[in-house]
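Report on the structure given below.
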Amino acid sequence: NAGVTQTPKFQVLKTGQSMTLQCAQDMNHEYMSWYRQDPGMGLRLIHYSVGAGITDQGEVPNGYNVSRSTTEDFPLRLLSAAPSQTSVYFCASSYSSRLNYGYTFGSGTRLTVV
Amino acid sequence: GESVGLHLPTLSVQEGDNSIINCAYSNSASDYFIWYKQESGKGPQFIIDIRSNMDKRQGQRVTVLLNKTVKHLSLQIAATQPGDSAVYFCAENNYGQNFVFGPGTRLSVLP
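Note that the protein sequences, when read in sequence, are chains A and B. For the first sequence, the working numbering begins at 16 and goes up steadily by one. For the second sequence, the working numbering begins at 94 and goes up steadily by one.
This is the structure in structure tokens:
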């Protein structure tokens with residue numbers, strides 16, 4: 016049981032480039048989400064999904080797109096990378112968003128935009 | 094090194110002592126709370142949770158206390174060990190909405 020798998024672990028992008036951060040879970044979790052973590056600011060929610068075909072915006076969605084075509088996968092797309100998007104990105108999943116279950120986190124993707 | 098957490102408050106404790114990490118949460122309507130531990134280079138890991146109808150919950154070497162009157166949560170770690178060195182976050186949830194995370198506290202265990 017792999018839990019939540021994120022790839023890549025590290026990435027360097029040039030300003031204006033696009034890329035997709037991958038997230039996959041094998042726990043049949045209904046809920047998935049993307050957070051970014053910046054020094055001293057805690058985890059901030061980018062986008063989330065309560066099931067396949069359903070996505071919604073979090074606190075800091077600008078510059079990011081998501082889709083949820085399957086229960087297992089929840090990729091995060093950076094459309095045109097900016098230095099302000101330099102951060103550590105975490106994907107998290109939960110059995111259900113409605114019944115107050117804790118999150119399982121991936122190990123993170125460290126992104127640097129130059 | 095780990096860039097996340099450079100500006101966090103730090104608690105330094107002697108190995109074997111008890112640690113108390115505090116968290117002030119923001120929403121008086123929050124009904125579910127979790128403490129997470131994040132080691133360097135890893136994602137946050139669930140430690141212990143508590144629901145708003147309780148004021149104390151114990152796990153293995155950890156205790157969470159909830160004071161709803163002042164919107165305060167604490168995590169107590171007994172007999173702190175070097176492996177407890179990490180950043181600790183509290184998270185609050187309001188009836189199934191998305192969790193809101195605190196900024197975290199870095200725990201440093203001194204030999």
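All C-beta atoms in this analysis are idealised placements derived from N, C-alpha and C, irrespective of residue type, glycine included. Here the structure is a predicted model, which is why all the values come from computation and not from measurement.
query, result
"For the 8 Å Cβ check, are there 3 or more pairs between the region 165-182 of chain B and the region 83-97 of chain A?", "no"
"Under 7 Å between C-beta atoms, does Phe130 (chain A) make it to chain B?", "In the structure as shown, chain A begins at 16 and stops at 129. Residue 130 (chain A) is therefore absent and cannot be evaluated."
"DSSP on Gly152 (chain B), reduced to helix/strand/coil?", "coil"
"Using a Cβ-Cβ cutoff of less than 7 Å, which residues in the same chain neighbour Lys135 (chain B) once the five nearest sequence positions on both sides are dropped?", "none"
"Between Lys130 (chain B) and chain A, is the shortest Cβ-Cβ distance under 7 Å, so that the two count as touching?", "no"
"According to a CB-to-CB cut-off of less than 9 Å, which residues of the region 138-159 of chain B neighbour chain A?", "Gln138, Phe139, Asp142, Arg144"
"In its own chain, which residues sit with a C-beta less than 6 Å from the C-beta of Arg125 (chain A), not counting the 5 before and 5 after it?", "Phe25, Val103"
"Could you give the residue range of the beta strand (DSSP E) that holds Arg125 (chain A)?", "124-128"
"Given Thr85 (chain A), which residues of its chain have a CB within under 8 Å of its CB, disregarding the five upstream and five downstream residues?", "Ala67"
"Please report the distance separating the alpha-carbon of Asn77 (chain A) from that of Tyr181 (chain B).", "28 Å"
"Asp41 (chain A) by DSSP, collapsed to three states: which one?", "coil"
"Short check: CB of Gln5 (chain A) to CB of Ala96 (chain A), under 7 Å?", "The structure shown does not extend to residue 5 (chain A), since chain A is modelled only from 16 to 129, so the question has no answer here."
"Apart from the five residues just before and just after Glu132 (chain B), which ones in its own chain have a Cβ nearer than 7 Å to its Cβ?", "Ala179"
"When DSSP labels each residue in this structure, what does Ser99 (chain A) get in the three-state scheme?", "helix"
"Relative to the alpha-carbon of Gly195 (chain B), which residue among B:Asn111, B:Arg150, B:Ile143, B:Asn115 has its alpha-carbon at the smallest distance?", "B:Asn115"
"Quick test of your reading: Ser48 (chain A) and Leu60 (chain A), contact by CB under 8 Å. State the CB separation rounded to the nearest angstrom.", "6 Å"
"Have a look at A:Met34, A:Met56, A:Ala39 and flag the residue whose alpha-carbon is nearest the alpha-carbon of Pro102 (chain B).", "A:Met56"
"Got a sec? Which residues, its chain only, sit under 8 Å from Val155 (chain B) by beta carbon, not counting five neighbours each side?", "Trp128, Ile140, Ile141, Leu168, Gln169, Ile170, Ala171"
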